[in-house]
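A.B. asks: Pasting a structure here, questions to come.
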Amino acid sequence: MALWDGRFSGGPAEEMQAFSESLSTDMHMWEEDIQGSIAHATMLAEVGILKSAECDAIIEGLNTVANELRDGWQPSIAEEDIHMAVESRLHELIGAQAGKLHTGRSRNDQVATDLRLWLRRRIDELDAALQELIGALLDKTQSDGKTLVPGFTHLQRGQPIWLGHQFLAHAWALSRDRERLADAKKRVNRSPLGAAAMAGTPHPIDRTRSAELLNFDGLVDNAMDAVSARDHLLETVSTCAILGSHLSRMAEELILWSTREFGWIRLSDDWSTGSSIMPQKRNPDAAELIRGKVGRINGALVSLLTLVKALPLAYNRDLQEDRPPLFEAMFITTACTKVMRGCIESMQVNAGPDLHGDFALATELADYLVAKEVPFRQAHHIVGNLVKQCEDNGVNLAALSAEDLNTADPHFGADALDWLEPSAAAERRTSSGGTAWSEIEKQLSALRQSLGKT
Ligand code: ARG
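Written out as structure tokens, the structure is:
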């Protein structure tokens with residue numbers, strides 16, 4: 002018999018039960034469901050709605066149900082959802098007084114409460130994983146960041162940089178993801194409990210007290226908003242999707258850099274797999290799976306946005322469909338973040354390509370001329386001609402003599418060739434945020450500080 006069977010003469014069809022149950026997904030949040038009920042019962046006793054003996058029996062019963070669930074009890078899907086399953090079991094354990102627990106609340110605020118408690122915990126877990134990933138990038142920068150590589154634009158060689166410069170570019174993006182998560186958490190961490198169905202309740206409940214017992218920062222002020230709002234889910238999953246875009250960009254680089262063609266890094270055995278047919282292969286499957294799984298995070302965001310689009314207030318059963326995409330997004334994002342950390346911290350960084358004479362140094366010659374007060378546009382043109390000349394002769398910049406340069410433009414002095422030293426090119430970029438190692442060190446300490454480490 003369902004807990005709402007009073008006005009029914011038959012139960013839902015078996016197919017309807019299977020179609021409408023949310024128990025299988027709700028099982029992820031049974032702990033939060035019990036936690037919310039204990040807080041609600043405690044508050045009901047404090048305001049005098051429950052006698053203290055009733056409250057004690059309810060809390061004891063709820064703890065028993067929690068133990069049973071922990072021991073693997075699987076409620077029947079005939080219970081529809083975790084809220085009904087817990088309450089029915091409580092009835093079995095302590096009898097009719099269990100029915101008083103539902104005073105001043107409904108499943109609508111219950112589900113909203115459980116979700117917020119669940120999400121708050123998962124946000125913290127994701128943030129911890131992110132901190133570890135950022136930490137791994139900082140450690141790699143410190144240990145292997147002084148490896149000279151070409152920085153790319155359009156995936157074409159641009160200018161020499163220290164690899165650490167690129168690691169830190171990713172670290173900064175990830176720290177903004179942490180800020181976005183913390184910001185979303187502010188709006189997640191408000192209590193809808195006691196909103197009841199949507200209109201509030203005539204009973205003298207104390208919503209502030211139950212919010213306090215659950216460590217919420219405050220209330221969702223409007224009871225209708227409390228049961229209808231899902232924007233905090235959208236916000237958190239958008240953050241996951243943005244973080245996913247960062248992880249997938251990193252993954253793409255790991256895949257590229259570990260090819261024979263690049264050879265900049267070697268992913269560790271822990272995070273690589275072999276081929277069933279080609280014995281020589283070391284495949285970057287971890288990074289590829291991150292790249293692939295991020296698609297599912299984006300899918301989850303689109304599902305949630307579509308779910309709430311034009312949905313009338315207040316609760317509609319559609320809202321039950323919020324859990325699969327939300328849970329999936331949080332689980333996948335956290336797993337991808339952890340796996341990325343594993344890849345980064347265990348990868349071997351090899352020497353970068355030889356950049357002597359590489360056209361990636363062309364900007365150095367232009368900058369040399371600018372230092373001699375040649376307008377940049379003119380300098381760009383002069384060096385462009387030099388590059389063309391080299392290309393026509395099938396050589397690179399290393400083939401140019403001081404005289405060649407001086408013939409191209411009289412501002413080129415004997416010291417111009419020194420500017421073509423690749424590591425000096427990186428070290429010259431001392432402007433704030435540039436690739437010079439001194440700038441990288443400043444960023445390292447700022448980022449370490451943001452992780453609470455010095
Ligand atoms: N299983 C539903 C859900 O998880 C519970 C809410 C039920 N409320 C209702 N008015 N039918 O969203």
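Okay, so the sequence shown: first residue is 2 according to my numbering, each after it adds one. Quick reminder that beta carbons are idealized off the backbone N, C-alpha and C, glycines included.
(1) Exposed or buried, which one is residue 232 when buried takes at least 16 other CB atoms within 10 Å?
(2) Note down, one range per segment and in chain order, each alpha helix (DSSP H) of at least 4 residues found wholly within the region 32-93.
(3) In angstroms with no decimal places, state the Cα-to-Cα distance between residue 379 and residue 246.
(4) Is residue 213 near the ligand ARG, judged by its Cβ being under 7 angstroms from some heavy atom?
(5) I'd like to check one pair, residue 194 with residue 171: are the Cβ atoms closer than 8 angstroms?
(6) Where does residue 202 fall in DSSP's three states?
(7) Looking at residue 110 and the ligand ARG, is the gap between the Cβ and the nearest heavy atom below 7 angstroms?
(8) State the DSSP-derived secondary structure class of residue 159, mapped to helix, strand or coil.
(9) With DSSP run on the structure shown, which of helix, strand or coil describes residue 423?
(10) Should residue 351 and residue 296 be called a contact, given that it needs their Cβ atoms to be closer than 8 angstroms?
(11) Find the nearest neighbour of residue 163 within the set 448, 121, 424, judged by alpha-carbon distance.
(12) Have a look at 236, 285, 104, 151 and flag the residue whose alpha-carbon is nearest the alpha-carbon of residue 202.
(13) Buried or exposed for residue 155, going by 16 or more other Cβ atoms inside 10 Å?
(14) Keeping to the same chain, check which residues put their C-beta closer than 7 angstroms to that of residue 70; ignore five residues upstream and five downstream.
(15) If you run the structure through DSSP and keep just helix, strand and coil, what is residue 259?
(16) With a threshold of 6 angstroms on Cβ separation, who are the neighbours of residue 276 within its own chain once the five nearest residues in sequence on each side are excluded?
(17) Can you tell me whether residue 396 is buried or exposed, with buried defined as 16 or more other CB within 10 angstroms of its CB?
(18) Taking DSSP as the reference, what is the three-state secondary structure of residue 281?
(19) Measuring CA to CA, which of 98, 381, 9, 16 is closest to residue 61?
(20) Cutting at 7 angstroms between CB atoms, please list the residues of its own chain near residue 115, excluding the five before and the five after it.
(21) If I'm right that residue 456 touches residue 367 with Cβ under 8 angstroms, what's the distance once you round it to whole angstroms?
(22) Cβ of residue 1 versus every heavy atom of the ligand ARG: is any distance shorter than 7 angstroms?
(23) Take residue 130 and list the residues in its own chain whose beta-carbon comes closer than 6 angstroms to its own, dropping the five residues that flank it on each side.
C.D. replies: Result, derived from the coordinates:
(1) Locating residue 232 in the sequence shown gives position 231, counting from the first residue. Of the other Cβ atoms in all chains shown, fewer than 16 fall within 10 Å of the Cβ of residue 232; this residue is therefore exposed.
(2) Runs of the alpha helix (DSSP H) inside the region 32-93: 53-71.
(3) As a working mapping, residue 379 is identified with position 378 in the sequence shown. As a working mapping, residue 246 is identified with position 245 in the sequence shown. Near 39 angstroms, if we compare the C-alpha coordinates of residue 246 and residue 379.
(4) Position 212 of the sequence shown, counting from 1, holds the residue named residue 213. The answer is no for residue 213.
(5) On the sequence shown, residue 171 is found 170 positions in, with the first residue counted as 1. On the sequence shown, residue 194 is found 193 positions in, with the first residue counted as 1. Not a contact, by the Cβ cut-off of 8 angstroms.
(6) Against the sequence shown, residue 202 aligns to sequence position 201. Of the three classes helix, strand and coil, the one that applies to residue 202 here is coil, per DSSP.
(7) Mapped onto the sequence shown, residue 110 falls at position 109. Not a single heavy atom of the ligand ARG lies less than 7 angstroms from the C-beta of residue 110.
(8) Mapped onto the sequence shown, residue 159 falls at position 158. Residue state, collapsed to three classes: strand.
(9) In the sequence shown, counting from the first residue as 1, residue 423 sits at position 422. It is helical.
(10) Mapped onto the sequence shown, residue 351 falls at position 350. Mapped onto the sequence shown, residue 296 falls at position 295. The beta carbons of residue 351 and residue 296 sit no closer together than 8 angstroms.
(11) Position 162 of the sequence shown, counting from 1, holds the residue named residue 163. For the residues 448, 121, 424, the minimum Cα distance to residue 163 belongs to 424.
(12) Here the question's residue 202 lines up with position 201 in the sequence shown. Looking at the Cα atoms, 104 is the closest of the given residues.
(13) Within the sequence shown, the letter at position 154 stands for residue 155. Residue environment analysis places residue 155 among the exposed positions, since fewer than 16 neighbouring C-beta atoms fall within 10 angstroms of its C-beta.
(14) For the purposes of this step, residue 70 is taken as the residue at position 69 of the sequence shown. Cβ within range, chain order: 31.
(15) In the sequence shown, counting from the first residue as 1, residue 259 sits at position 258. Residue state for residue 259 is assigned as coil, using DSSP reduced to three classes.
(16) Position 275 of the sequence shown holds residue 276. Counting only Cβ-Cβ distances below 6 angstroms, and skipping sequence neighbours, we find 282.
(17) As a position in the sequence shown, residue 396 is number 395, starting the count at 1. Here residue 396 is exposed, its C-beta having fewer than 16 other C-beta atoms within 10 Å.
(18) Along the sequence shown, one-based indexing puts residue 281 at 280. In the three-state reduction of the DSSP assignment, residue 281 falls in the coil class, being assigned neither a helical nor a strand state.
(19) Sequence index remark: in the sequence shown, residue 61 carries index 60 (1-based). Among 98, 381, 9, 16, the Cα nearest to that of residue 61 is on 98.
(20) Here residue 115 is taken as the residue at index 114 of the sequence shown, counted from 1. Its chain contains 30, 33, 34, 37 as the residues whose beta carbon lies nearer than 7 angstroms to that of residue 115, once the 5 sequence neighbours on both sides are disregarded; these appear in chain order.
(21) Here the chain covers residues 2 to 455 and nothing more, so residue 456 does not appear.
(22) Any question about residue 1 goes unanswered here, given that the chain covers just 2 to 455.
(23) Position 129 of the sequence shown holds residue 130. 335, 338, 339.
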